[in-house]
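Chemist: This structure is in structure tokens; I'll ask about it shortly.
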Amino acid sequence: MENASYIVIGNWQLVLAAMLLLVNIALSVVLRLGLGRDLVVGAVRMTVQLALVGLVLEWIFQTRQPVLIVLMALLMAGLAGVAAVQRTKRRFPGVYWNSLVTISASAFLVTGAAVTGILQVDPWYDPQYLIPLLGMVLGNALTGISLGLDRMMEGCVRNRNWIETMLSHGASRWEAAHEEIRQALRTGMIPTVNAMMIMGIVSLPGMMTGQILAGAAPLDAVRYQMVIMFMIAACTALATLGVVVLAYRMLFSPDHRLMSSRIREKR
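For the sequence shown, my numbering assigns the number 9 to the initial residue and increments by one for each residue that follows.
Structure follows, in structure tokens:
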């Protein structure tokens with residue numbers, strides 16, 4: 009089917025697209041990778057989840073009630089905060105709360121600035137802009153938080169003797185933890201930096217491609233993608249910084265001791 013601006017994908021076209029997974033399944037069977045079941049389960053879960061999200065978003069877009077839109081945004085931030093911690097290998101008390109606070113604060117701050125100050129959306133809660141923009145920054149901030157937390161806790165465990173030696177010789181907790189914090193921040197932001205380096209040359213980003221498929225002029229799609237990448241970079245930096253600093257305050261006591269006993273392996 010077609011309309012004035014883009015091709016509408018029907019159910020049979022989705023079925024045909026799903027058949028492309030037969031390539032993955034065949035490789036798994038022939039090479040005995042053991043991924044066949046995971047591929048099928050993952051495809052089914054993705055389909056169900058996206059279908060449900062599509063129905064919910066369509067309803068929200070039709071109602072355009074600010075309360076529902078804000079609740080949707082809060083739900084998205086909450087799920088992202090939990091997912092970020094679930095990707096880490098280690099945990100410490102309060103890590104979920106730290107993740108929720110930092111990802112919510114950074115995503116809402118950056119998205120709010122973009123919606124009200126850069127794009128000047130009217131009204132600011134227009135779901136056509138707010139929900140997709142928030143979703144994209146949350147997804148990338150989630151990765152930054154996960155990588156940053158993992159690197160911070162890994163560094164504290166691996167370099168425990170060196171850190172405690174520094175503290176025993178009079179170093180402050182900041183001096184002892186500075187290198188681990190620096191490495192954690194760098195690790196959390198590297199994926200975004202790498203994505204920006206190759207964008208437009210090696211890869212065409214999803215939002216830009218989607219807009220072009222929907223009929224937008226390529227230059228307009230490019231401008232939107234630039235705004236998105238600047239938002240993602242800022243949000244990822246703020247979220248990673250926030251969660252790493254909170255982890256530092258949890259793992260290093262005010263009397264300058266490393267509380268490595270608070271770090272637990274994921275079960």
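All C-beta atoms in this analysis are idealised placements derived from N, C-alpha and C, irrespective of residue type, glycine included.
Are Gly152 and Met197 close, meaning C-beta to C-beta below 8 Å?
Modeler: Contact flag set, yes.
Chemist: For Met84 and Leu142, which I take to be in contact (beta-carbon distance under 8 Å), what is that distance rounded to the nearest angstrom?
Modeler: Right, their Cβ atoms sit about 6 Å apart.
Chemist: Between Leu108, Phe100, Met80, Gly102, which lies nearest to Ala92 when the distance is taken from Cα to Cα?
Modeler: Among Leu108, Phe100, Met80, Gly102, the Cα nearest to that of Ala92 belongs to Leu108.
Chemist: Looking only at its chain, what residues have a beta carbon closer than 6 Å to the beta carbon of Ala12, apart from the 5 residues adjacent to it on each side?
Modeler: Model confidence at Ala12 stands at a pLDDT of 47, short of 50, so the residue's coordinates are unreliable; what they give is reported in the following sentence. Result list for Ala12: empty, nothing under 6 Å.
Chemist: Going residue by residue through the region 174-239, where are the continuous alpha helix (DSSP H) segments of at least 4 residues, counting only ones entirely within it?
Modeler: As far as the region 174-239 is concerned, its whole alpha helix (DSSP H) runs of at least 4 residues are 181-206, 214-221.
Chemist: So what's Leu5 in DSSP terms, helix, strand or just coil?
Modeler: With the chain covering only 9 through 275, there is no way to say anything about residue 5.
Chemist: Pro101 to Val253, Cα distance in whole Å?
Modeler: The straight-line gap from Cα to Cα measures roughly 15 Å.
Chemist: Suppose you measure from the CA of Ala121 to the CA of Leu41; what does that come to, to the nearest Å?
Modeler: Straight-line Cα distance between these residues: approximately 46 Å.
Chemist: Under the assumption that Val230 contacts Met216 (Cβ atoms under 8 Å), give the Cβ distance between them as a whole number of angstroms.
Modeler: Right, the Cβ-Cβ distance comes to about 6 Å (below 8 Å), so this counts as a contact.
Chemist: Can you tell me which of Ser180, Met234, Val251 puts its alpha carbon nearest to the alpha carbon of Ala192?
Modeler: When only C-alpha atoms are compared, the closest one is Val251.
Chemist: Note down the Cα distance separating Arg72 from Ala247, rounded to an integer number of angstroms.
Modeler: Spanning the two alpha carbons is a distance of roughly 29 Å.
Chemist: Check whether the region 257-268 and the region 158-177 touch, using three or more Cβ-Cβ pairs below 8 Å as the test.
Modeler: Counting Cβ pairs under 8 Å, three or more are found: they touch.
Chemist: Quick one: what does DSSP say Ile271 is sitting in, helix, strand or coil?
Modeler: Note: Ile271 maps to coil in three-state DSSP.
Chemist: Measuring CA to CA, which of Thr200, Lys274, Trp67 is closest to Leu146?
Modeler: Comparing Cα positions, the closest option is Thr200.
Chemist: When DSSP builds the beta bridges, which residues end up paired with Arg98?
Modeler: Per DSSP, Glu273.
Chemist: On the DSSP letters alone, give me the boundaries of the alpha helix (DSSP H) that Asn167 sits inside.
Modeler: No alpha helix (DSSP H) contains Asn167, which DSSP labels as neither H nor E.
Chemist: Please check the pair Ile206 and Asn148, which I expect to be a contact at CB under 8 Å, by giving their CB distance rounded to whole angstroms.
Modeler: Actually they do not touch by this definition, with Cβ atoms about 15 Å apart.
Chemist: Whole angstroms is fine: what's the gap from Glu10's alpha carbon to Gln233's?
Modeler: The predicted model places Glu10 with a pLDDT of 44, which falls under 50 and marks its position as unreliable; any figure quoted below should be read in that light. Taking the straight line from one Cα to the other gives about 26 Å.
Chemist: Compute the Euclidean distance between the alpha carbons of Gly50 and Leu227, then round it to the nearest angstrom.
Modeler: Taking the straight line from one Cα to the other gives about 35 Å.
Chemist: Our contact map puts Glu273 next to Arg98 with C-beta atoms below 8 Å; I'd like the distance itself, whole angstroms only.
Modeler: Their Cβ separation, rounded to whole angstroms, is 6 Å, which keeps Glu273 and Arg98 in contact under 8 Å.
Chemist: Do you know offhand how far Trp182's Cα is from Leu157's?
Modeler: The straight-line gap from Cα to Cα measures roughly 17 Å.
Chemist: At what residues does the alpha helix (DSSP H) containing Gly62 begin and finish?
Modeler: Looking at the DSSP string, the run of the alpha helix (DSSP H) that includes Gly62 is 44-71.
Chemist: Taking the straight line between their C-alpha atoms, what separation do you get for Gln95 and Arg275?
Modeler: The question names Gln, but residue 95 in the sequence shown is Arg. Between Arg95 and Arg275, the C-alpha separation is close to 12 Å.
Chemist: So, using beta-carbon positions, are Gly163 and Glu188 closer together than 8 Å?
Modeler: In contact: Gly163 and Glu188 (Cβ atoms closer than 8 Å).
Chemist: Just to confirm before moving on: does the CB-CB distance between Asn106 and Ala255 stay below 8 Å?
Modeler: Contact flag set, yes.
Chemist: Per the DSSP calculation, Phe260 is bridged to which residue(s)?
Modeler: According to DSSP, Phe260 bridges with Leu266.
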